[in-house]
Every structure is written in structure tokens, then in C-alpha cells.
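Asker: Residue numbers (the numbering used here): 25 to 433. We put the CB at the ideal spot given by N, CA and C, even for glycine. These numbers were taken from a predicted model, which means no experiment stands behind them.
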């Protein structure tokens, strides 16, 4: 235990260790606290209104899907006039629970129409690009099924996958407007910040093994097998627990603020109900609370994998600079290539980048067929992250204990 505390203390004494709590406090605590405070201050006189009554009242408003020919859509034009004149389509008593009710009305109309037919408006959804080769809306799935039927491929894995996709899309459709404002804010706060924290984490632990060689401490540790083993276990444990701790704090701090001080109402909203954007075409009928539980667990596993990989690189290269450079490239190369080319590949899907950004896992229907078994992408990537953690932990252990890591170059 003393050796573990010593290893942890060495990591936390690094100057980069100051950056991680600053990011956590600013993005995970201060910003959500300010938002909730301002939200309640502006709407203080309405806060005692029963939320169940608000939802029931708001649900009475009809939400007609937008038509493709929006210029001749009277419903759309009426809403546009309301927005332009800054008028509201709900009673004033509902305003504290819907920041811009007219936008909320547009939002859900748009999302369901996109899910049914694809784009209706000129502006693409951020994070949900639709192109000729993608099958995302229900209509595009039906078209793809018809094409396969004409080709006589109704017994193919592709046909069965599309049938399952269509069934999942129907089960996860938006059936009405639900108040879930603070769940949306929680997703906004935790969407990509873990990538920034992961980069800082790589810099923090990049010297976990290389420091031994720089100071000559490896000669003392290498003198006894027990000292080597204890040192290795403590270093790897410290890296793993730090990674998991960062992921937990990044998810739990804003959740405590938004759901504890804001409102947890909307916890049973289905995942596509998180709004227009990343989850518009999501086929998963997960309630948002289940999604955030899965998100937290996957984030923890991905950070543990980052820790194991970085520790192995530090042992392998004996250089904190080389370790940090390679680690950061592995973190961001796949992400950057995907956005620059607007094309996803197996290499990008099975990367640390996507493991650290769970929106990528649940935004589309992606399956893999292995030895007659169909595996969904979220399950496949979770297993891949677990495999990376086990693999690099094993490689570090084998290299260190066999003595190769302790030989002077």
C-alpha cells in the first residue's frame, strides 16, 4: 500500500496534474452550476408549478411532422411566423420548463420527420450527415430492403440486419414532446470533454516508467523480483484508477448538478429524444438514464485502456516525449481523419477516439457478423476496449518481469 501511494503521489506531483482538476471543475461543476442558477433565477416565480401537470399540458399540443415541401406547409409557416414575432405557442406558465418552446416544437417535428424520410430542410444536422451511401431513415431502409428483394437476397445477413434496423427504428420513434431539458444539458456537457481529459491523462502518465530509467531507479527495483512485481502492479493500478476516476468525475459531477439541482424529469425519454443532432437516427430504444449509465461505464473502460496503452508505451520507449506523442496521435488521428474525409472505416470505429465518445456508438445502426453471430457495434467496441486493456496490461507485465525492460541500452 505504501508503494502504491508513492507511485500515485509521483504521478500527481506532475505539473500536468493541475490541468485535469481545473478542466473537471470548470466543465463538470462550475459551468453546470452557473447554468442551473441562471435558469432558476430567470424563472423563479414558476418553479413551484407541478411538473407532471406541465408535461400533461404541453403534450396536448399537436406535433405534426414537417412535409418535404415546406414552403406550402401551413403548419410550418405558422410556426415560423410565431418564431419571427417571438411569440409563444405554449402558456406563459410553461416557459420556465422550455427555454424556447417554439424551438422545442420545431425540434421534435424535425427529428421525427428525419427519422421517417431523411432531410426536409437545407441545413444538415451536425453529427448526422446523410449521403447517398448511408441508410439511416426508415424510408431509406425500406428502399434498401426492396432492392435486396429484387436481387433475390432475402436470406442474406444484410437483409436480416436491415429488417432488424427497421424494427428498432419503429420501437425508438418519438411519440410526443417530453420535458428532458437537463438530460440534454448533461449530454452537451459530457459529449466530447473526455477526449480533452484523455489527452491530459496521456501527458500525465507518459513518464510512469520512463522516469525510472532517467533517474536510475530501475537498477534498484530490478535487483529483486518482488520489488519489480510490486512496482509494476502499483504503477499499472495507479494509472487504471486515475483513468477511471477521471471518467467517473466527468460524468457524475455535471449529473449531480443538472439532475440534483435542476430536474431529473425525462429520465424515461428514449435516446432519440435527446434532440436534433447525434441521436436523430439512433435506432436504440434506451431510456436516457440507461444510456448515461452505459456511457459512464464505457467511458471508464476506455480510460482504463488509455492508461494501459500509455503505460506500455512508457515502458517500451523509455521516453515520456515519445510516449506522449504516440499516445496523442492514437487518440486523435482517427477522429480527425473521419471528420476531414466524412468517411468512417473499421480503423476509426475501433479506435480509442470512438471509445471515448459514446455518441459514436449509439448514433447509428452498425452490426458485425462473426462466425454466424451478429454483434452490435456498442457491444463490439466495448469488448474491444476491454481487450485493449487486458492486452497492454499483459504486455507490460511480461516485458517488465522478463527483465528486457531493465536492460541498459
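So residue 399 is in the alpha helix (DSSP H); what residue range does that whole segment cover?
Answerer: The count along the chain shown starts at 1 and reaches residue 399 at position 375. Counting along the chain, residue 399 falls outside any alpha helix (DSSP H), though it belongs to the beta strand (DSSP E) covering 397-400.
Asker: Nearest by alpha-carbon distance to residue 450: which of 181, 56 and 327 is it?
Answerer: Only positions 25 to 433 of the chain appear in the structure, and residue 450 is not among them; the question remains open.
Asker: For a quick check, are the C-beta atoms of residue 405 and residue 376 less than 8 Å apart?
Answerer: The count along the chain shown starts at 1 and reaches residue 405 at position 381. The count along the chain shown starts at 1 and reaches residue 376 at position 352. Cβ distance not < 8 Å, so residue 405 and residue 376 don't count as in contact.
Asker: Out of curiosity, what's the CA-to-CA distance linking residue 65 and residue 325?
Answerer: Here the question's residue 65 lines up with position 41 in the chain shown. Here the question's residue 325 lines up with position 301 in the chain shown. Spanning the two alpha carbons is a distance of roughly 38 Å.
Asker: Going by the CB atoms, is the gap between residue 330 and residue 222 shorter than 8 Å?
Answerer: As a working note, residue 222 is residue 198 in the chain shown. As a working note, residue 330 is residue 306 in the chain shown. Contact: yes.
Asker: Just list the alpha helix (DSSP H) runs in the region 26-50, keeping only unbroken ones of 4 residues or longer that don't cross its boundaries, in chain order.
Answerer: Listed in chain order, they are 26-36 and 43-49.
Asker: Taking 7 Å as the limit between beta carbons, can you name the residues of its chain near residue 109, skipping five residues before and five after?
Answerer: The residue labelled residue 109 in the question sits at position 85 within the chain shown. In this prediction, residue 109 scores a pLDDT of 44, lower than 50, which makes its location untrustworthy; the coordinate-derived value is nonetheless stated afterwards. Closer than 7 Å at the Cβ level, and outside the excluded window around residue 109, lies no residue.
Asker: Compute the beta-carbon to beta-carbon distance between residue 217 and residue 51, rounded to the nearest angstrom, for a pair I have assumed lies under 8 Å.
Answerer: To locate residue 217, count along the chain shown from 1; it is residue 193. To locate residue 51, count along the chain shown from 1; it is residue 27. Indeed they touch by this definition, with Cβ atoms about 5 Å apart.
Asker: If you reduce the DSSP assignment to three classes, tell me which class residue 228 lands in.
Answerer: In the chain shown, counting from the first residue as 1, residue 228 sits at position 204. Of the three classes helix, strand and coil, the one that applies to residue 228 here is helix, per DSSP.
Asker: In chain order, what residues of the same chain lie with their CB nearer than 7 Å to the CB of residue 43, ignoring the 5 residues before and after it?
Answerer: Position 19 of the chain shown holds residue 43. Correct list, in chain order: 224.
Asker: Going by DSSP, which residues form a beta bridge with residue 311?
Answerer: On the chain shown, residue 311 is found 287 positions in, with the first residue counted as 1. 294.
Asker: So what does DSSP say about residue 435, is it helix, strand or coil?
Answerer: Since the first residue shown for the chain is 25 and the last is 433, residue 435 is missing from the structure and cannot be characterised.
Asker: Just tell me which of 344, 342, 336 and 374 has its CA closest to the CA of residue 357.
Answerer: The residue labelled residue 357 in the question sits at position 333 within the chain shown. Checked all of 344, 342, 336 and 374; the closest Cα to residue 357 is 374.
Asker: Apart from the five residues just before and just after residue 40, which ones in its own chain have a Cβ nearer than 7 Å to its Cβ?
Answerer: Numbered from 1 along the chain shown, position 16 holds the residue referred to as residue 40. Answer for residue 40: 224, 227 and 228, listed in chain order.
Asker: Check residue 53 in the structure and name its three-state DSSP category.
Answerer: Taking the chain shown and counting its residues from 1, the one referred to as residue 53 is at position 29. In this structure, residue 53 counts as helix in the three-state DSSP scheme.
Asker: Which word fits residue 255, buried or exposed, when buried means at least 16 other C-beta atoms lie within 10 angstroms of its C-beta?
Answerer: The sequence position of residue 255 within the chain shown is 231, counting from 1. Classification of residue 255: buried, given that the 10 Å Cβ count is 16 or more.
Asker: How close, in whole Å, do the beta carbons of residue 437 and residue 192 come, if the pair is a contact with beta carbons under 8 Å?
Answerer: Absent from the structure is residue 437, since the part of the chain shown begins at 25 and ends at 433.
Asker: Distance, Cα to Cα, residue 478 vs residue 48?
Answerer: Because residue 478 is not part of the residues shown, which for the chain are 25 to 433, the question remains open.
Asker: Quick one: what's got a C-beta closer than 8 Å to residue 142's C-beta in the same chain, skipping five residues either side?
Answerer: Walking along the chain shown from the start, residue 142 turns up at place 118. These residues qualify, in order along the chain: 154, 160, 161, 163 and 164.
Asker: Using the DSSP secondary-structure output, state which residues sit across from residue 391 in a beta bridge.
Answerer: What you label residue 391 is simply residue 367 of the chain shown in a count that begins at 1. In the DSSP output, where bridge partners are listed per residue, residue 391 has 400.
Asker: If you run the structure through DSSP and keep just helix, strand and coil, what is residue 203?
Answerer: By one-based count along the chain shown, residue 203 stands at place 179. In the structure shown, residue 203 sits in coil (DSSP, three-state: anything other than H, G, I, E or B).
Asker: May I ask you to verify whether the region 164-173 touches the region 335-355, counting CB pairs closer than 8 Å and requiring at least 3?
Answerer: Counting Cβ pairs under 8 Å, fewer than three are found: no touch.
Asker: Scan the region 313-358 and note each continuous beta strand (DSSP E) run of 3 residues or more that stays entirely inside, going in chain order.
Answerer: Complete beta strand (DSSP E) runs here, min 3: none at all.
Asker: At a cut of 8 Å, does the region 387-401 reach the region 195-214 through at least three beta carbon pairs?
Answerer: Contact between the region 387-401 and the region 195-214 is absent, because fewer than three Cβ pairs lie under 8 Å.
Asker: Between which two residues does the alpha helix (DSSP H) carrying residue 379 extend?
Answerer: Along the chain shown, one-based indexing puts residue 379 at 355. Residue 379 -> alpha helix (DSSP H) spans 376-379.
Asker: Candidates 293, 233, 32 and 327: which alpha carbon is nearest residue 273's?
Answerer: For the purposes of this step, residue 273 is taken as residue 249 along the chain shown, with counting starting at 1. The shortest Cα separation from residue 273 among 293, 233, 32 and 327 belongs to 327.
Asker: Going by beta carbon distance, what residues of the same chain come within less than 6 Å of residue 287, once the five residues before and after it are set aside?
Answerer: Here residue 287 refers to the residue found at position 263 of the chain shown. Excluding sequence neighbours, residue 287 sits near 206.
Asker: Let me confirm a value: residue 278 is counted as buried when at least 16 other C-beta atoms fall within 10 Å, else exposed. Which label applies?
Answerer: Counting from 1 along the chain shown, the entry for residue 278 is found at position 254. By the neighbour-count rule (16 or more Cβ atoms within 10 Å), residue 278 is buried.
Asker: What is the C-beta distance between residue 311 and residue 213, in whole angstroms, given that I count them as a contact (C-beta under 8 Å)?
Answerer: The residue given as residue 311 occupies position 287 in the chain shown. The residue given as residue 213 occupies position 189 in the chain shown. In fact, because the Cβ distance is near 19 Å, the residues do not count as touching under 8 Å.
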